[in-house]
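4 protein chains.
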Amino acid sequence: MTVAAHTITARVRYPETDRMGVAHHSHFSVWFELGRTELMRGIGCPYGEMEDREDVYFPVVDLGVRYIRPARYDQVLEIETRLVSCEGVRVRFEYVIRDEGGSTLATGHTMHASVGRDGRPKRLSGKVREMLSSGMERERNRC
Amino acid sequence: MTVAAHTITARVRYPETDRMGVAHHSHFSVWFELGRTELMRGIGCPYGEMEDREDVYFPVVDLGVRYIRPARYDQVLEIETRLVSCEGVRVRFEYVIRDEGGSTLATGHTMHASVGRDGRPKRLSGKVREMLSSGMERERNRC
Amino acid sequence: MTVAAHTITARVRYPETDRMGVAHHSHFSVWFELGRTELMRGIGCPYGEMEDREDVYFPVVDLGVRYIRPARYDQVLEIETRLVSCEGVRVRFEYVIRDEGGSTLATGHTMHASVGRDGRPKRLSGKVREMLSSGMERERNRC
Amino acid sequence: MTVAAHTITARVRYPETDRMGVAHHSHFSVWFELGRTELMRGIGCPYGEMEDREDVYFPVVDLGVRYIRPARYDQVLEIETRLVSCEGVRVRFEYVIRDEGGSTLATGHTMHASVGRDGRPKRLSGKVREMLSSGMERERNRC
Numbered sequence: 191m192t193v194a195a196h197t198i199t200a201r202v203r204y205p206e207t208d209r210m211g212v213a214h215h216s217h218f219s220v221w222f223e224l225g226r227t228e229l230m231r232g233i234g235c236p237y238g239e240m241e242d243r244e245d246v247y248f249p250v251v252d253l254g255v256r257y258i259r260p261a262r263y264d265q266v267l268e269i270e271t272r273l274v275s276c277e278g279v280r281v282r283f284e285y286v287i288r289d290e291g292g293s294t295l296a297t298g299h300t301m302h303a304s305v306g307r308d309g310r311p312k313r314l315s316g317k318v319r320e321m322l323s324s325g326m327e328r329e330r331n332r333c
Numbered sequence: 191m192t193v194a195a196h197t198i199t200a201r202v203r204y205p206e207t208d209r210m211g212v213a214h215h216s217h218f219s220v221w222f223e224l225g226r227t228e229l230m231r232g233i234g235c236p237y238g239e240m241e242d243r244e245d246v247y248f249p250v251v252d253l254g255v256r257y258i259r260p261a262r263y264d265q266v267l268e269i270e271t272r273l274v275s276c277e278g279v280r281v282r283f284e285y286v287i288r289d290e291g292g293s294t295l296a297t298g299h300t301m302h303a304s305v306g307r308d309g310r311p312k313r314l315s316g317k318v319r320e321m322l323s324s325g326m327e328r329e330r331n332r333c
Numbered sequence: 191m192t193v194a195a196h197t198i199t200a201r202v203r204y205p206e207t208d209r210m211g212v213a214h215h216s217h218f219s220v221w222f223e224l225g226r227t228e229l230m231r232g233i234g235c236p237y238g239e240m241e242d243r244e245d246v247y248f249p250v251v252d253l254g255v256r257y258i259r260p261a262r263y264d265q266v267l268e269i270e271t272r273l274v275s276c277e278g279v280r281v282r283f284e285y286v287i288r289d290e291g292g293s294t295l296a297t298g299h300t301m302h303a304s305v306g307r308d309g310r311p312k313r314l315s316g317k318v319r320e321m322l323s324s325g326m327e328r329e330r331n332r333c
Numbered sequence: 191m192t193v194a195a196h197t198i199t200a201r202v203r204y205p206e207t208d209r210m211g212v213a214h215h216s217h218f219s220v221w222f223e224l225g226r227t228e229l230m231r232g233i234g235c236p237y238g239e240m241e242d243r244e245d246v247y248f249p250v251v252d253l254g255v256r257y258i259r260p261a262r263y264d265q266v267l268e269i270e271t272r273l274v275s276c277e278g279v280r281v282r283f284e285y286v287i288r289d290e291g292g293s294t295l296a297t298g299h300t301m302h303a304s305v306g307r308d309g310r311p312k313r314l315s316g317k318v319r320e321m322l323s324s325g326m327e328r329e330r331n332r333c
C-alpha cells in the first residue's frame, strides 16, 4: 500500500565524501530525511510546524539502507520518498535514491514513532492524521 | 556464529545532537564504524593499512539500525562490535550500543563488500583472511 | 577589489541543528563551501573538474567566521560568495549569509592554497587563471 | 594572559575525511569544541550542567582557524585548549592542534557570548564565574 510519493534532488557535498572518494554511507539517511521533509511539506504538514505547534516528534525507530552504487562528489541525486503507512503511533517511509541517469544507488526505509516533547508515545492528532491522509489521497489520484 | 567481540566507549558530541535535544539518528552508524575500526585494529588488521597496503576497501552494502532509547549529549556510550562472518567478498558486523548503566540504546548490523580501489569485488587476500580468522579465534578463546 | 559575486540559497537541515535549537556553528563553513562551489561552477570552472582534470586542489588555509544571528531549522539561507583575490598560489573568498528577510546571520572568509594531489603548492595553470579572470570580469560588468 | 590549558587527544574518524584524502576543514572547529568541553569539565564546570542547571549557553560568536598541515585518517590529534579571557558576557578560548610528533596542524580561537535559553546576553553568575576563575588559578599554579 504505497501511498504518497515525492521526488527531490540534492547534490553530493564535498564534506559528504570520504577518503574512499565517494559519499560516506552515513549521509544516505540524511538524504532520506531531506526527502521525507519535503514530502511532509508537500502534503501541507511541515515537520517544523508539527514539532512547534502540535508537539509531535517523529524520531526514527528503525532504519534500513541497501547500498547498490556509490554516490560521487557533485553528483545530482534524485531522492524518491513514499509515505507507506501511518497507523497508531507508527509512520513508515520508503526511499529510492537514483543518479541522474536513473540508476538506483540505494534503497531504504525508516520507521518513526510519534512522540511528544517528553519522548512518550503520542497518537497523531486528528488534524495531523487528516493532513497525512488527504495528502496520501492526493498523491494516489495524481498517479 | 558470533566470533570476535570488542567494546569501546565514545562520548556524544555537541554537534551530534539535534534540536530534539538528543543525538541525531545518522550518527549511530558512525559509532558503529568507530567500534568496527577498533575491532579491526585489535585483531592486528588496522583498516587504514588494509586500504593503503592491501588495496582492500570495505564499503557498507547493507545497514540496519534499531533505535531503542535516545542517546544524550555528553553521555558515554559503550559500543560492542562483533565480527559475525567473513566469507568470500562479504564481511558482517553486528553492534550493540549501551549507556553506562548497561541499558541498550540501539542495535544494528553492517554488511561490507570487499573491493579494490576501482570499486570492483576483490577476494580477501590470504594474509587479511588469516588475520581476521586468527583474530576471531583469539576472541573466541578469550570468552 | 571584490570581483565575482554569486548568491545561492540552502535550507538548514535537521541534523545541522543542535540541542541549543539552532544550527551548529561548524556548518557555516560548509555553507560557505556550497557558495564557493556554485560560484566556481558559474564562472565555468567546476571544482570537481579542476581536481580531476587539472590536478589542482584548493585546501582552506585560513577560515574566519563572525556569527551574528542564529540560523534556525528549515530556514532558507541566502549565501553570497565573492571571489576577492587570486594571486600566485592564494585564492580568497568572502561570504555573507542572510535570512530570507535580508538580515545578516554571519560573515566570513576563506583563504585557499593552490596545491597538487601531492599537497605541494602549485601555481594555477594559465587555463584556470584565465577562467577565473574572465569570470571575475563578467561579474564586474554585470554589476 | 593565557590562563587555563588543557590537552586531550582525538582520533581522525573515517567520515571526517573527504575525497582529498585528509580531514575536511570543517571538523577542526568540532575538535576545538571537544577540547573546550574537556577543559570546562576539568575545571568543575561541565558544559551540559551549565546549560541545564544555570541556563547559560556559550554560542560561538567568532571563529578563526589557521590550517598548517593536513590531518590524516586515524591520526591521533593532540588538542590543546586555553581559556584566555572571561569578561562580562564574553569568553575566549585558543587552540593548538598537533600530531603525535608535536608538529602543529592548526591553530585557532573561538569567542563565545554568554546567553540564556532565550538567546539574550546573560552575565555569568557568581557561581560560574567563580568556578572559571578558580579553575584558571589552579591551571596557572600547575604551570
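Chains as they are written, first to last, in our numbering: chain A, 191 to 333; chain B, 191 to 333; chain C, 191 to 333; chain D, 191 to 333. Each residue gets a CB set at the ideal place from its N, CA and C atoms; glycine is no exception.
Status (buried if at least 16 other CB within 10 Å, exposed otherwise) for residue i
{"i": "D/T199", "result": "exposed"}
{"i": "A/T227", "result": "buried"}
{"i": "D/D208", "result": "buried"}
{"i": "A/R313", "result": "exposed"}
{"i": "D/G278", "result": "exposed"}
{"i": "C/S219", "result": "buried"}
Assigned secondary structure, residue i (DSSP; H/G/I helix, E/B strand, else coil)
{"i": "C/Y237", "result": "helix"}
{"i": "D/E290", "result": "coil"}
{"i": "B/D208", "result": "coil"}
{"i": "B/D252", "result": "strand"}
{"i": "B/R282", "result": "strand"}
{"i": "B/M191", "result": "Any reading at B/M191 must be qualified, since the residue scores a pLDDT of 48, below 50, and its modelled position is unreliable; the value itself is stated next. Coil, per DSSP."}
{"i": "C/G306", "result": "coil"}
{"i": "B/R328", "result": "helix"}
{"i": "A/L314", "result": "coil"}
{"i": "D/R259", "result": "coil"}
{"i": "B/H214", "result": "coil"}
{"i": "A/V274", "result": "strand"}
{"i": "D/V202", "result": "coil"}
{"i": "D/V220", "result": "helix"}
Nearest-angstrom beta carbon gap, residue j and residue i [assumed within contact, 8 Å]
{"i": "A/D252", "j": "B/Y247", "result": "The pair is not a contact, with the Cβ atoms about 28 Å apart (cut-off 8 Å)."}
{"i": "A/M240", "j": "A/V318", "result": "6 Å"}
Backbone CA spacing between residue i and residue j [nearest angstrom]
{"i": "A/V250", "j": "C/L322", "result": "45 Å"}
{"i": "A/F308", "j": "C/E290", "result": "Looking at the sequence itself, residue 308 of chain A is Asp, so the reference to Phe does not match. Cα to Cα, the separation comes out at about 32 Å."}
{"i": "D/C276", "j": "D/C235", "result": "14 Å"}
{"i": "D/H214", "j": "B/T297", "result": "29 Å"}
{"i": "A/F222", "j": "A/A261", "result": "14 Å"}
{"i": "C/R310", "j": "C/R243", "result": "17 Å"}
{"i": "D/S315", "j": "C/R280", "result": "45 Å"}
{"i": "C/S304", "j": "C/F283", "result": "13 Å"}
{"i": "B/V266", "j": "B/H299", "result": "21 Å"}
{"i": "B/M326", "j": "B/A195", "result": "8 Å"}
{"i": "A/L295", "j": "B/P205", "result": "28 Å"}
{"i": "B/G292", "j": "B/L224", "result": "19 Å"}
{"i": "D/L273", "j": "B/M230", "result": "37 Å"}
{"i": "B/D264", "j": "D/G232", "result": "14 Å"}
{"i": "A/V255", "j": "B/H217", "result": "14 Å"}
{"i": "A/R328", "j": "A/T197", "result": "15 Å"}
{"i": "C/T203", "j": "A/Y237", "result": "Looking at the sequence provided, one finds Arg at residue 203 of chain C rather than Thr. Distance between the alpha carbons of C/R203 and A/Y237: 11 Å."}
{"i": "D/I287", "j": "A/E270", "result": "42 Å"}
{"i": "C/V212", "j": "C/R259", "result": "10 Å"}
{"i": "A/H302", "j": "A/E268", "result": "22 Å"}
{"i": "A/G306", "j": "B/R201", "result": "26 Å"}
{"i": "D/D245", "j": "B/Y285", "result": "36 Å"}
{"i": "D/S324", "j": "C/E320", "result": "58 Å"}
Under 8 Å by beta carbon: chain E residues contacting residue i
{"i": "D/V220", "result": "As a matter of chain content, chain E is missing from the structure shown, whose protein chains are A, B, C and D."}
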